[in-house]
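Everything in the sequence shown is counted per our numbering, starting at 466 for the first residue and increasing by one. Don't be surprised by glycine CBs; every beta carbon is placed ideally from N, CA and C.
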Amino acid sequence: MSWHQQRDPTRPTFSFLFYDAPHGYDFPADFTPKYQPMLDEINYLKLNNETDPTPFFNRYKTSVRYVDSLVAKVAEELKQSGEFDNTLIVVTGDHGQEMNDNQLNFWGHNSNFTDPQIHVPFAMIGPGIDAKQVDTGKQLTSHQDVTPTLMKHYLGVTSDPASYAIGHDLLATNPGQDWVLSSNYSGYALVTDDTILEVGAGGQYQYMDNTNRPLENASPDFAQMEKALEQISRFR
Numbered sequence: 466m467s468w469h470q471q472r473d474p475t476r477p478t479f480s481f482l483f484y485d486a487p488h489g490y491d492f493p494a495d496f497t498p499k500y501q502p503m504l505d506e507i508n509y510l511k512l513n514n515e516t517d518p519t520p521f522f523n524r525y526k527t528s529v530r531y532v533d534s535l536v537a538k539v540a541e542e543l544k545q546s547g548e549f550d551n552t553l554i555v556v557t558g559d560h561g562q563e564m565n566d567n568q569l570n571f572w573g574h575n576s577n578f579t580d581p582q583i584h585v586p587f588a589m590i591g592p593g594i595d596a597k598q599v600d601t602g603k604q605l606t607s608h609q610d611v612t613p614t615l616m617k618h619y620l621g622v623t624s625d626p627a628s629y630a631i632g633h634d635l636l637a638t639n640p641g642q643d644w645v646l647s648s649n650y651s652g653y654a655l656v657t658d659d660t661i662l663e664v665g666a667g668g669q670y671q672y673m674d675n676t677n678r679p680l681e682n683a684s685p686d687f688a689q690m691e692k693a694l695e696q697i698s699r700f701r
């Protein structure tokens with residue numbers, strides 16, 4: 466807030482705000498309202514496949530609500546300064562948090578590539594954005610699409626997005642694709658609506674359904690795999 470109030474209003478500005486509260490399921494002790502019933506602390510060693518996820522989930526939702534209140538203050542600052550209508554705001558997250566959604570005793574993140582762990586909120590608000598403009602249907606989009614969208618529509622870049630990014634323009638007609646890449650610390654996955662092809666650091670792979678259960682009598686789409694490998698190596 467102080468930075469924004471002291472900025473040079475004649476120059477364009479950029480800011481990146483990272484809210485870490487949901488990552489640690491944390492919020493100030495005096496923050497209200499809270500979702501109840503709620504765990505007092507998160508101890509993964511006490512969680513198992515029979516654990517009721519509701520108190521865990523309520524603590525997570527409370528931490529997200531706290532972040533929402535902070536984002537609201539930023540939006541209000543932009544309105545008070547007269548910059549709201551001239552500012553592009555992107556709100557998203559780097560990963561989801563699983564609450565044993567698929568009954569395989571997975572909690573938190575970075576343990577699989579199912580929807581609860583890789584689906585994130587994504588909101589884009591500002592000049593040139595029509596709430597009805599973007600309709601991906603059943604197509605998939607990813608964070609990789611943010612750069613080409615900003616470069617083309619807001620930063621004056623006229624080059625083909627494929628020359629500098631592997632994402633797609635989110636404001637184009639049918640902006641998504643049938644599969645996306647997602648990664649963790651040591652590997653990656655090719656994800657579709659129904660399947661997950663997880664590839665480890667050594668090249669070994671598992672082919673699973675979207676609940677992380679093995680597909681015993683099915684083979685991956687090797688044409689998609691070839692395209693994924695091309696994307697991964699394009700800018701090396």
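### Cβ contact check for the region 478-498 and the region 530-543: 3 or more pairs under 8 Å
Put simply, the region 478-498 touches the region 530-543. At least three CB pairs are less than 8 Å apart.
### Beta-carbon spacing of isoleucine 554, isoleucine 590 below 7 Å
Yes, the pair counts as a contact, with Cβ atoms nearer than the cut-off.
### Task
Measure the C-alpha to C-alpha separation of glycine 558 and threonine 612 and round it to an integer number of angstroms.
Glycine 558 and threonine 612: Cα-Cα distance of roughly 15 Å.
### Option nearest lysine 544 by Cα separation, candidates Arg699, Ser698, His469
Looking at the Cα atoms, His469 is the closest of the given residues.
### Query
Taking C-alpha atoms, which residue in Ile507, Ile697, Lys617 lies nearest to asparagine 523?
Nearest C-alpha to asparagine 523 among Ile507, Ile697, Lys617: Ile507.
### Query
Which ranges does the alpha helix (DSSP H) cover as unbroken runs of at least 4 residues, wholly within the region 639-675, from first to last along the chain?
Within the region 639-675, no run of alpha helix (DSSP H) reaches 4 residues while sitting entirely inside it.
### Message
With DSSP as the reference, identify every bridge partner of methionine 564, one or two as the case may be.
### Response
DSSP lists Trp572 as the bridge partner or partners of methionine 564.
### Message
Out of Thr638, Pro685, Tyr650, Asn649, which one is the CA nearest neighbour of isoleucine 661?
### Response
Of the candidates Thr638, Pro685, Tyr650, Asn649, the one whose C-alpha sits nearest the C-alpha of isoleucine 661 is Pro685.
### Task
Out of Leu655, Arg472, His618, point me to the one whose CA is closest to aspartate 674's CA.
Answer by Cα proximity: Leu655.
### Task
Write down the C-beta distance between threonine 614 and leucine 646 rounded to the nearest angstrom, noting that I regard them as a contact closer than 8 Å.
Not confirmed; about 17 Å, so no contact.
### Query
Would you report the Cα separation of proline 704 and alanine 693, rounded to the nearest angstrom?
Because the chain here runs from 466 to 701, residue 704 falls outside it and cannot be looked at.
### Message
Which of the three DSSP states is assigned to threonine 606 in this structure?
### Response
In the structure shown, threonine 606 sits in coil (DSSP, three-state: anything other than H, G, I, E or B).
### Message
My assumption, with CB atoms under 8 Å, is that serine 651 sits in contact with glycine 665. Please give the rounded CB distance.
### Response
Yes, serine 651 and glycine 665 are in contact; Cβ-Cβ is about 7 Å, under 8 Å.
### Query
Going by C-alpha distance, which of Asp610, Pro520, Pro474 is nearest serine 546?
Checked all of Asp610, Pro520, Pro474; the closest Cα to serine 546 is Pro474.
### Query
Using the C-alpha atoms, what's the distance from tyrosine 509 back to glutamate 515?
Between glutamate 515 and tyrosine 509, the C-alpha separation is close to 13 Å.
### Environment of glycine 668 [buried if 16+ CB atoms lie within 10 Å]
By the 10 Å Cβ count, glycine 668 comes out exposed.
### Task
Express the C-alpha separation of proline 520 and aspartate 566 in angstroms, rounding to a whole number.
Taking C-alpha positions only, aspartate 566 is separated from proline 520 by approximately 14 Å.
### Task
Could you check which residue in Asn575, Asn639, Gly561 has the C-alpha nearest to that of aspartate 610?
Nearest C-alpha to aspartate 610: Asn639.
### Task
Could you tell me which residues DSSP puts in a beta bridge with isoleucine 554?
As computed with DSSP, isoleucine 554 is found in a beta bridge with Ile590.
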